[in-house]
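The next block holds one structure in the form of structure tokens; read it before the comments.
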Amino acid sequence: MKSLIFVAALAALGMSASLGRSSVSPQDAQKAPEQGAALDSADRKFINDASLGGMLEVKLGQMATKQAANEEVKKFGQRMVDDHTKLTGELTKLAGQKGVTLPQVLDKKHQEQVDKLAKLGGVDFDKEYMKQMVDDHETTVEDFEKAAKDAKDPGVKSFAAGAISTLQDHLRTAKDIESRVKQEKKP
0 MKSLIFVAAL AALGMSASLG RSSVSPQDAQ KAPEQGAALD SADRKFINDA
50 SLGGMLEVKL GQMATKQAAN EEVKKFGQRM VDDHTKLTGE LTKLAGQKGV
100 TLPQVLDKKH QEQVDKLAKL GGVDFDKEYM KQMVDDHETT VEDFEKAAKD
150 AKDPGVKSFA AGAISTLQDH LRTAKDIESR VKQEKKP
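According to numbering that gives the first Met the number 0, the sequence shown is numbered sequentially starting from 0.
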């Protein structure tokens, strides 16, 4: 009788009594958090792109704290590390809930941006870094505004909407600092 109850319990859990293993495939296990709520491909792309962008901002921010000559640029770099680390934490939580695996390393395009700035220092770094921060944040704000408006998944929409004010502030600050560092001359 006890073995019959055990077999019934295993069956209810989707387990095989003879193998003692889950009958759920590894692919299905990765999809389990979604439970039928598959993300739209545009929502998945947004999550992936936001992850890559956040990784880039953190990496470049870390470089700015070491390679920049201008104290404002160094402080902005640290702010990028702090704010984008926080946003990445929120995105990681969302991705986990949606069954999305985030990239762990930068793609070729983003790595090339890192490599370009890695060769610079001082005033040259400041100018190029701030130019890149303006360019990146203009694109990022547009992408987040679009996702906040058009995302199919409410969690993706909410994440995007919640980050917009921070990203807009980054863009305003980056433009302000960039206008000043453009005027700087090498010592």
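All residues carry an ideal CB built from backbone N, CA and C; glycine is no exception.
*Check Ala-67 in the structure and name its three-state DSSP category.*
If DSSP states are grouped into helix, strand and coil, Ala-67 belongs with the strands.
- Message: Rounded to whole angstroms, what is the Cα-Cα separation between Ser-164 and Met-79?
- Response: Rounded to whole angstroms, Ser-164 to Met-79 spans 14 Å at the Cα level.
For Gly-121, the first and last residue of its enclosing alpha helix (DSSP H): 121-149
- Query: Is it buried or exposed for Lys-108, if we count other Cβ within 10 angstroms and need 16 for buried?
  - Reply: exposed
*Kindly indicate the opening and closing residues of the alpha helix (DSSP H) around Asp-168.*
153-180
Review point. If we ignore side chains and look at the alpha-carbon of each, how far apart do Leu-188 and Thr-138 end up?
Key: Since the first residue shown for the chain is 0 and the last is 186, residue 188 is missing from the structure and cannot be characterised.
**Request:** Report the three-state DSSP secondary structure of Gln-77 (helix, strand or coil).
**Result:** Assigned with DSSP and collapsed to three states, Gln-77 falls in helix.
ask   = Going by C-alpha distance, which of Gln-96, Asp-48, Glu-127 and Thr-87 is nearest Gln-182?
value = Glu-127
Exercise for review: Locate the alpha helix (DSSP H) running through Leu-105, then write down its first and last residues.
Suggested key: Element bounds for Leu-105: n/a, residue is neither H nor E.
*Please name the residue in Ala-94, Asp-168, Val-104 and Glu-177 whose C-alpha comes closest to that of Asp-125.*
Glu-177
Of the residues Asp-123, Phe-45, Lys-44 and His-83, the one placed nearest Val-72, counting alpha carbons only:
Asp-123
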